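Okay, so here's the structure we're looking at.
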């Protein structure tokens, strides 16, 4: 069974009016989309879970612990982390944490909260 970690911003901390986000996107739509894809992944033979980031250093420490505790086959880094320019340093920290602590994991990007399943299928 392939293990998947979906790393995303807590959608309730995002400003969806920023350029780059899909028009009409809301925290509720993100949460619903990710949860639906988690259910689909787990129902089709993956062992998938999500890890929300709230923008704190504690999240980074928890992420490193998660990466060292479980061997993940794939790690999705969500658009809510990648798109906002204000998350540039956070994205670097997450990429380096994955690079250093999950060296054999595929790094996967989705384009929206409703295409995570398809994004994972590209690699695993």
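In my numbering, the protein residues as written are 2 to 125. We put the CB at the ideal spot given by N, CA and C, even for glycine. Only a predicted model underlies this, so the values are computations on that prediction, with no experimental measurement involved.
Q: Have a look at residue 36 and residue 118 and give me their C-alpha separation to the nearest angstrom.
A: Roughly 11 Å separates the two Cα atoms.
**Q.** Every unbroken beta strand (DSSP E) inside the region 42 to 67 [3 residues or more]
**A.** Taking only runs of at least 3 residues, the beta strand (DSSP E) segments lying wholly in the region 42 to 67 are 47 to 54.
Q.
Check for me: the alpha helix (DSSP H) holding residue 82 runs from which residue to which?
A. Judged by DSSP secondary structure, residue 82 falls within the alpha helix (DSSP H) whose first and last residues are 80 to 83.
Q: Assign residue 105 to one of two classes, buried (16 or more other C-beta atoms within 10 Å of its C-beta) or exposed (fewer than that).
A: Around the C-beta of residue 105, fewer than 16 other C-beta atoms lie within 10 Å, and the residue is accordingly described as exposed.
**Q.** Own chain residues within Cβ distance below 8 Å of residue 102, not counting five before or after
**A.** So the qualifying residues of the chain are 65, 68 and 69.
Q. How about residue 77 and residue 111: are their beta carbons less than 7 Å apart?
A. At the C-beta level, residue 77 and residue 111 come within 7 Å of one another.
Q) If you draw a straight line from the alpha carbon of residue 29 to that of residue 100, how long is it in whole angstroms? A) If you take the alpha carbons of residue 29 and residue 100, they lie about 30 Å apart.
Q. In whole angstroms, what is the alpha-carbon distance linking residue 19 and residue 25?
A. Residue 19 and residue 25: Cα-Cα distance of roughly 11 Å.
Q) Between the C-alpha atoms of residue 72 and residue 7, what's the straight-line distance to the nearest angstrom? A) Roughly 13 Å between the two C-alpha positions.
Q. Going straight from the alpha carbon of residue 21 to that of residue 88, what length do you get?
A. The straight-line gap separating the alpha-carbon atoms of residue 21 and residue 88 is approximately 13 Å.
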